[in-house]
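A.B. asks: One rule links them: number in our numbering = place in the sequence shown (from 1) + 51. In this text, a Cβ means the ideal position worked out from N, Cα and C, and glycines have one as well. Just dropping this structure here.
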Amino acid sequence: MAEDFKLWDVICDDPYVPTKKVGDPLETVPKTSKEYNDADRKAMEKNFRAKKILVCGIGPDEYNRISACQSANEIWEALQTTHEGTTQVKQYKIDMVTTEYEFFRMNDDKSIQDMHTIFMSIINELHSLREVIPKRGN
């Protein structure tokens, strides 16, 4: 389970790049592949494993969108933008669904079951957008 969290960190953050200090004054530069040690290789391997997990979980159309991505983080961001939209699009969706929630009223033409289904659809959409509905006081 701890390994899963480490892979998730690789997906959410930029990949590990082995570096070294050179020159005077000291400057941090990337190592060449010949300079990698076992710890560097192990840390870099996590990015490859995370990429493999993401790629194995998508279809051919999605693969075409992410095939040029170099890191698990790039893949994740490309998929996120494709499915959730940019930050502005996501905020627009949140605003629209929040408005639906706020103006939701029982409709005499529909059954309670139908209205419950519509209401749960609104709630689930807000949840999928990671929007929390504040609780109202009595």
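#1: Please report the residue range of the beta strand (DSSP E) in which Pro81 lies.
#2: Could you tell me if Val61 is buried or exposed, where buried requires 16 or more neighbouring beta carbons within 10 angstroms of its beta carbon?
#3: Is Ala101 buried or exposed, if buried means 16 or more other CB atoms sit within 10 Å of its CB?
#4: Report the residue from Pro185, Asp75, Pro66 and Gly74 whose alpha carbon sits nearest the alpha carbon of Asp91.
#5: Do Ile126 and Tyr152 have their C-beta atoms closer together than 8 Å?
#6: Val73 lies in the beta strand (DSSP E); which residues open and close that run?
#7: Per DSSP, what kind of secondary structure is Cys120 in: helix, strand or coil?
#8: Taking a contact to mean a Cβ-Cβ separation below 8 Å, would you say Leu105 touches Ala123 in this structure?
#9: Are the beta-carbon atoms belonging to Arg156 and Thr133 less than 8 Å from one another?
#10: Going by C-alpha distance, which of Trp59, Ser162, Thr83 and Leu180 is nearest Gln139?
#11: Classify Val148 as helix, strand or coil using the three-state DSSP reduction.
#12: Considering Cα atoms alone, identify which of Glu176, Asp55, Glu86 and Val68 is closest to Asp146.
#13: Could I get the ranges of all uninterrupted alpha helix (DSSP H) runs contained in the stretch 87 to 111, with 4 residues as the minimum, in chain order?
C.D. replies: Put simply:
#1: In the sequence shown, residue 81 corresponds to position 30, counting from 1. Its beta strand (DSSP E) spans residues Glu78 to Pro81.
#2: Stepping through the sequence shown from its first residue, residue 61 is reached at position 10. Buried.
#3: In the sequence shown, counting from the first residue as 1, residue 101 sits at position 50. That one is buried.
#4: Taking the first residue of the sequence shown as position 1, residue 91 is located at position 40. Per the Cα distances, Pro66.
#5: The residue given as residue 126 occupies position 75 in the sequence shown. The residue given as residue 152 occupies position 101 in the sequence shown. Not closer than 8 Å, so no.
#6: Against the sequence shown, residue 73 aligns to sequence position 22. Per DSSP, Val73 belongs to the beta strand (DSSP E) from Thr70 to Val73.
#7: Walking along the sequence shown from the start, residue 120 turns up at place 69. Cys120 falls in the coil class under three-state DSSP.
#8: Within the sequence shown, residue 105 is the residue found at index 54, counting from 1. Within the sequence shown, residue 123 is the residue found at index 72, counting from 1. The answer is yes: Cβ separation under 8 Å.
#9: In the sequence shown, counting from the first residue as 1, residue 156 sits at position 105. In the sequence shown, counting from the first residue as 1, residue 133 sits at position 82. Their beta carbons are not under 8 Å apart, which means Arg156 does not touch Thr133 by this criterion.
#10: Mapped onto the sequence shown, residue 139 falls at position 88. Among Trp59, Ser162, Thr83 and Leu180, the Cα nearest to that of Gln139 is on Leu180.
#11: Taking the first residue of the sequence shown as 1, we reach residue 148 at position 97. Helix.
#12: Within the sequence shown, the letter at position 95 stands for residue 146. When only C-alpha atoms are compared, the closest one is Glu176.
#13: 89 to 107
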